[in-house]
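Going down the list, the sequences are from chains A and B.
Here full-length UniProt numbering is used: the first residue of the first sequence is 1, the next is one more, and so on.
Here full-length UniProt numbering is used: the first residue of the second sequence is 1, the next is one more, and so on.
Protein chains: 2
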Amino acid sequence: MLARYNRGAFPTPPMTENLENQSQDDLETHLAQVQSLLARMRLVEELVHRQGGPRQDLVENLVHKQNLAELQRKLDQLHPADVAYILEALPLDERLLVWDLVKAERDGEILLEVSDSVRESLIQTMDKAELLAAAESLDTDEIADIAADLPRDVIEELLTTLDAQKRALLQSALAYPEDTVGALMDFEMVTIRADVTLEVALRYLRRLGELPDQLDKLFVVDRDERLIGVLPLKRLLTTDPEASVAAVMVEDVVQFHPEDEAQEAAQAFERYDLVMAPVVDAVGRLIGRLTIDAVVDYIRESADADMLSMAGLKEEEDLFSTVWRAAKNRWMWLAINLATAFVASRVIGAFEGSIEKLAALAALMPIIAGIGGNSGNQTITLIIRGLALGHITPSNARRLVLKEIGVALLNGLVWGSAVGVFAWLLYDNPALGGVMALAMLLNLLVAALAGIFIPMTLERVKRDPAIGSSVLLTFVTDSMGFFIFLGLATLLLL
Amino acid sequence: MLARYNRGAFPTPPMTENLENQSQDDLETHLAQVQSLLARMRLVEELVHRQGGPRQDLVENLVHKQNLAELQRKLDQLHPADVAYILEALPLDERLLVWDLVKAERDGEILLEVSDSVRESLIQTMDKAELLAAAESLDTDEIADIAADLPRDVIEELLTTLDAQKRALLQSALAYPEDTVGALMDFEMVTIRADVTLEVALRYLRRLGELPDQLDKLFVVDRDERLIGVLPLKRLLTTDPEASVAAVMVEDVVQFHPEDEAQEAAQAFERYDLVMAPVVDAVGRLIGRLTIDAVVDYIRESADADMLSMAGLKEEEDLFSTVWRAAKNRWMWLAINLATAFVASRVIGAFEGSIEKLAALAALMPIIAGIGGNSGNQTITLIIRGLALGHITPSNARRLVLKEIGVALLNGLVWGSAVGVFAWLLYDNPALGGVMALAMLLNLLVAALAGIFIPMTLERVKRDPAIGSSVLLTFVTDSMGFFIFLGLATLLLL
């Protein structure tokens, strides 16, 4: 065999160069058109419900059918990614109406493009036969991407309909954990042998007739499918066709193993400006490829997930999900926050005697806690970022601690004096001002240390420092802020 | 002229396929090696300083030179992006030592790769001649990328050394605002005429001998340089060479204008899985191209910028910047937070009489304010994301408001009851529990409405809702939380 063109043997999606629309403005126009068609349909329905009568019914039916046909025509012209965008922006009832109008053969591609939560809402309305048909229109790696949302019996039936090679591919793709290269890779690659000439390679490509998207190099493999190099298309195009693949190929190649972390692969793609890279097993046999579009989707999704989890949302939320689902998505973090707020409240409770004597303490204490929390969040954000980029190592951690302590001292002097003077003037009580300034300085130091050690400890015990760091920090700065300020006031003022 | 190969006429960076290292682990190994070499050098220096004497000096010099040579060898083997990574992770003194060892001809590429703040620290140590040499080793679009950090006289001298065409390119690249397609595009493209055959195109590419990175299509232009289509390399490779470019090219092409927002172009790249796209002027003349690597860098940088600004950092901060610079980077937001905390403090101050009578109010009020802030932040995060993705439109905003009010009511009943019972049991005061529950419910409603209307208002007045939304929200939920709780308590309990 000279070479192998492995497409996972499923049909390919259409050429992405052929698009009707391109800019966000266009997209929003399409969305607005769909929305106004839907509004028109609602209006007609309402009119009929109000008036009734058999002739009205006839007219309404006619108008309704016209509107549906117009909507369907509109949808048929749109790229699957754009249909997905429109589905995301529609409330559930309208979303399902539009989903019904989408041609069945496009279901698979569109399910791939929508977000997890919206995909769930669409899959719920499909029966087993529809789901099977949709899945069968996809490549194996794409089926693996949506498999988590498919009912178990659909997956099982799907496995029985695939031939042995594709079944093995799908099962291996399903076996890799979510954040690994294995979960992102696909199987659409073109391989070639090292001992042929470029002329032969060119003729071979022409015989294939079509190439996968995002393909910027051929993989050069030996008799045992082991990767021995890559042949960039630009070298193939610019080198004398008489040369052999072996003479032109690049041997030192950025490559990945399926169990590598997706995060590290993404950093390598960014760092080395890659478009695609081979994925090999432990003995160097080629098993798939990773492409920039999968990496970009991963980067976007993990940035989104970080942002959502930092705000205390369990997972991505369908903008139009039911109140009940939305509330459940937010409860865990609210419960945790409530628990930490209770603790902080008990810290204050311990000083109720002092507060009764000097109610000004109650008015001033949130300033100490709040600024501590803000300042600690600045530190924690820099540390989380430094950890993610690999810039923080055991040998430079000491310097970081010194720097953050320095910043906390400087801020403590500047802002501590400011709030001290404020408290002094407001309550005409210089001692209260002094306690305020000292408490601010101390809580900023606590915030700096917590801002460094919380994420570094989470990282050391192999947990994602982006998740939960902030809640822990606020807990520390609140409780300690109240304790330091009320404690100092009780000791020095009362 | 059959076709044009425009490289901005500057030399190209080396092939990115040819790399020594690939994974984050490898990178961290390199960093550790560099760090241990630096540590060894410090040790030798310290020994000599302690012992002194002329012979010692000789030995030290020898060892020092050996170490330097070893370090330099190490650096020479690394990809510019990897040297950049090491520079980012080193404290200032060691960073500058390493920077001195980097071969001058690689300065330009490495300056491109480091972050803005680290680039500043490196440029400060370079004289005008070094900066000119570094800049001249780059493409015009790359010079534009670092121009903001170059001294004005270097830019001016640079402009005089460039020929007319390149000067015009650089000036136009410098003219586009940071977040536009014009600022991200480059000028490395290959153009071709529609009336030639693929055979001629193939021969032409072979004559060029080298192609730019990330090139997956040729641009087809007419006599006036107007873009009339694109010829994907994969079509060029798989179609009969006798066919004409006109017959094979794709005419309906995703294309951008230099003044388009980078954000929208990035979404189009993600949505349509693009590797590269043409940039044209108002009359359709080709002026540059946008590539996926520039888009990925933009996505990463803007996600980082969002994260930093949400945490209240003015800009990206060098991990090892001086205490003074770091403090200045954080002051603006701390000052704003302090101002809002003062207002909240005065709200409490207005109820000092009530607190004196019932100190339990002081202990409970942070719970109301805190949970309101957390809940509002969940809403605001979903809204900011929906706005960024274009999912929120005037016609669906009403539904969103209803959903968030529903979630707030549900949460208010659930969590309000919980804190109400907590307060009742703790203080053996059922009326206090009732006030607590009611205040929680009301503040969650305030939080939901603020969480929707703050980002939507910022968006409507054309400001980035990601910046400042959170501070405003916390201000509202704190002040209103204190006001509602203490106000209700004063009315109903005292």
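Built from N, CA and C at the ideal position, the CB exists for glycine as well.
Model, not experiment: these values are computed from the prediction.
Run of the alpha helix (DSSP H) containing residue i, from where it starts to where it stops
i       : result
F485(B) : 469 to 492
T291(B) : Segment 286 to 291 is the beta strand (DSSP E) holding T291(B); no alpha helix (DSSP H) there.
F342(B) : 323 to 349
E356(A) : 352 to 357
E113(A) : 107 to 113
L458(A) : 430 to 460
R167(A) : 164 to 175
CA nearest to the CA of residue i, picked from the options
i       : options                            : result
L237(B) : T239(A), L96(A), L202(A)           : L202(A)
L319(B) : A363(A), G376(A), L387(A)          : L387(A)
A39(B)  : E459(A), S395(A), Y427(A), L438(A) : S395(A)
L493(B) : S479(B), M436(B), A431(B), E259(B) : A431(B)
A164(A) : G229(A), T140(A), A305(A)          : T140(A)
D281(A) : A397(A), R152(A), R226(A)          : R226(A)
R206(B) : E178(A), P241(A), V435(A)          : P241(A)
R285(B) : G229(B), E261(B), L334(B)          : G229(B)
A360(B) : L364(A), R235(A), I371(A), V347(A) : V347(A)
Where residue i meets chain A, residues with beta-carbon distance less than 7 Å
i       : result
P91(B)  : N396, R399
T381(B) : M307, L308, A311, L313
H391(B) : E88, A89, L319
A326(B) : K403, V407
D145(B) : Those do not exist, as D145(B) stays about 14 Å from chain A at its closest Cβ, beyond 7 Å.
W415(B) : L334, L338
V323(B) : K403, G406, V407, L410
Reduced DSSP category for residue i - H, G, I as helix; E, B as strand; rest coil
i       : result
E94(B)  : helix
L138(A) : coil
V118(A) : helix
Y5(B)   : Unreliable placement is indicated for Y5(B), whose pLDDT of 39 sits below 50; no coordinate value is reported for it.
N21(A)  : Caution applies to N21(A), whose pLDDT of 43 falls short of 50 and renders its modelled position unreliable; the value that the coordinates give is listed next. N21(A) falls in the coil class under three-state DSSP.
L150(A) : coil
T197(B) : strand
D213(A) : coil
D186(B) : strand
T180(B) : strand
P14(A)  : For P14(A), the predicted structure reports a pLDDT of 39, less than 50, and the residue's modelled location is therefore unreliable. The matter cannot be settled from this model.
Contact set between residue i and chain A, taken where Cβ atoms lie within less than 9 Å
i       : result
E352(B) : A359, A360, A362, A363
K234(B) : L205, E210, L211, P212, D213, L215, L233
V181(B) : Residues of chain A passing the Cβ test: none, with the nearest at roughly 11 Å.
E28(B)  : G390, T393
First and last residue of the uninterrupted beta strand (DSSP E) at residue i
i       : result
M189(A) : 189 to 192
L231(B) : 227 to 232
F219(B) : 217 to 221
Listed by chain order, chain B residues near residue i by CB distance under 8 Å
i       : result
W333(A) : N374, Q378
Residue i: contacting residues in chain A (beta-carbon distance under 8 Å)
i       : result
F219(B) : In chain order: nothing, as chain A lies at least about 12 Å away.
H79(B)  : R271, Y272
D297(B) : E270
D281(B) : In chain order: nothing, as chain A lies at least about 16 Å away.
R385(B) : D304, M307, L308
V275(B) : Q214, D216, V275, I292
E178(B) : Within chain A, no residue comes near E178(B); the closest Cβ sits about 18 Å away, beyond 8 Å.
A341(B) : P366, I367, G370, I371
Under 9 Å from the C-beta of residue i: neighbouring residues of chain B
i       : result
R285(A) : None at all; the shortest Cβ gap to chain B is about 18 Å.
N411(A) : A327, R330, W331, L334
Amino acids of chain B, ordered along the chain, whose beta-carbon sits closer than 7 Å to that of residue i
i       : result
S345(A) : A363, L364, P366, I367
E356(A) : E356, A359
Contained beta strand (DSSP E) runs [length at least 3] in the UniProt domain "CBS" (249 to 307) of chain B, N- to C-terminal order: 276 to 280, 286 to 291
Curious, which full-length beta strand (DSSP E) runs of at least 3 residues does the stretch 362 to 427 of chain A contain? none
Continuous alpha helix (DSSP H) assignments of at least 4 residues falling wholly in the stretch 65 to 94 of chain A: 80 to 88, all fully within the stretch 65 to 94 of chain A.
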